[in-house]
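Enquirer: Pasting a structure here, questions to come.
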Amino acid sequence: GPPFSDTLVRRLRQARRVAVLTGAGISAESGVPTFRDPDGLWQRFRPEELANVEAFLANPTLVQGWYAHRRQVVEDVEPNAGHYALAELERWVTGRGGQFLLATQNVDGLHERAGSQNLVELHGSLRRSHCLDCGAPAPPPTAPPADADGEGGVARCAACGGLVRPDVVWFGEMLPEDAIGRATEAAALADVYLSVGTSAVVYPAAGLPQVARQAGAYVAEVNPTPSDIAWRLDEQVPGRAGDVLPALVERVTGDE
Ligand code: APR
Ligand code: ZN
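Taking the numbering used here, the leading residue of the sequence shown gets 165, the next gets one more, and so forth.
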């Protein structure tokens with residue numbers, strides 16, 4: 165049988181409010197590398213060198229080029245069945261007068277492309293960039309030519325000449341106020357909370373399933389490998405998002 169329980173199906177069918185947290189694992193089957201899996205980004209690069217303001221100021225061309233590369237990767241991939249299943253679940257829940265919110269840690273834009281509407285991007289988005297100094301939106305830098313020297317290839321703000329950075333939340337930075345606020349409120353009010361494809365090691369996002377649990381939600385995780393917080397949840401569904409979510413949503417939305 166399926167790797168999820170009848171309880172989870174029943175709780176989702178009865179739910180008035182459903183909230184979901186996703187991480188890089190839901191985009192793995194689209195071909196987007198995760199961060200902490202054996203072949204993940206942080207196995208090949210060091211976040212200290214790429215994903216914080218100090219690293220950016222020390223080597224803006226390197227960091228702009230790395231994000232340009234990551235943007236290219238996500239432009240070449242498609243949402244997978246897991247993304248589409250969550251968009252369908254949202255339509256089913258809201259279609260019957262319920263509430264649904266998807267909070268993602270991913271910056272790849274795949275949930276939006278799959279049709280998710282009630283969506284918050286907790287860690288920002290690769291698809292947007294802005295000026296480090298004046299904050300003006302700026303076109304995302306393209307990858308500098310391979311021979312770009314330290315200054316030559318760097319992208320600067322047309323308005324003030326400041327450095328252009330991606331709209332992603334770097335280590336040590338605050339999350340967008342409204343995003344974490346909406347995600348926390350949705351977790352606190354949820355009847356059912358799904359945590360999909362996240363190792364749950366980066367806070368405050370990783371704290372959201374616990375917010376939901378402490379407020380009385382039925383909390384399930386979908387992950388081939390139990391995350392750090394799996395033991396605290398009601399259910400750990402061992403499987404890949406692209407397999408589990410379509411089967412789960414089919415059971416929930418299918419006619420009884
Ligand atoms: N389906 C579901 N889960 C999967 C799949 C899959 N097909 N493949 C891998 N996973 C799981 C892994 O087992 C792991 O628990 O996805 C999780 C990915 O964890 P991370 O690579 O740590 O990614 P994430 O949890 O999103 O990282 C959180 O850390 O580096 C920062 O800002 C970055 O948003 C990121 C945050
Ligand atoms: Zn500027």
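Note that beta-carbon positions come from the ideal geometry of N, C-alpha and C, so glycine has one too.
1. Classify Ala215 as helix, strand or coil using the three-state DSSP reduction.
2. For the alpha helix (DSSP H) that Tyr248 lies in, which residues bound it at each end?
3. What does the Cβ neighbour count give for Phe209, buried or exposed, with the cut at 16 atoms within 10 Å?
4. Rounded to the nearest angstrom, what separates Tyr357 and Tyr382 at their Cα positions?
5. Ser169 by DSSP, collapsed to three states: which one?
6. At a cut of 8 Å, does the segment 207-221 reach the segment 324-344 through at least three beta carbon pairs?
7. Under 6 Å Cβ to Cβ from Gly279, same chain only, skipping five residues before and after it: list those, please.
8. Tell me Arg181's beta-bridge partners as DSSP assigns them.
9. Distance, Cα to Cα, Arg235 vs Arg346?
10. Enumerate in chain order the residues of its own chain whose CB-to-CB distance from Ala394 is below 6 Å, with the five nearest sequence positions on each side excluded.
11. Give a single yes or no on whether Glu193 has its beta carbon closer than 8 Å to a heavy atom of the ligand APR.
12. Does the ligand ZN have a heavy atom nearer than 8 Å to the CB of Ala300?
13. Contact check, Thr306 vs Ala232 under 8 Å by CB: the rounded distance?
14. Can you tell which of Val182, Asp331, His287, Ala351 has its C-alpha closest to the C-alpha of Trp256?
Expert: Considering the structure as presented:
1. The three-state secondary structure of Ala215, taken from DSSP, is coil.
2. 245-259
3. exposed
4. 6 Å
5. coil
6. yes
7. Ala251
8. Gln263
9. 26 Å
10. Glu385, Gln400
11. yes
12. yes
13. 6 Å
14. Val182
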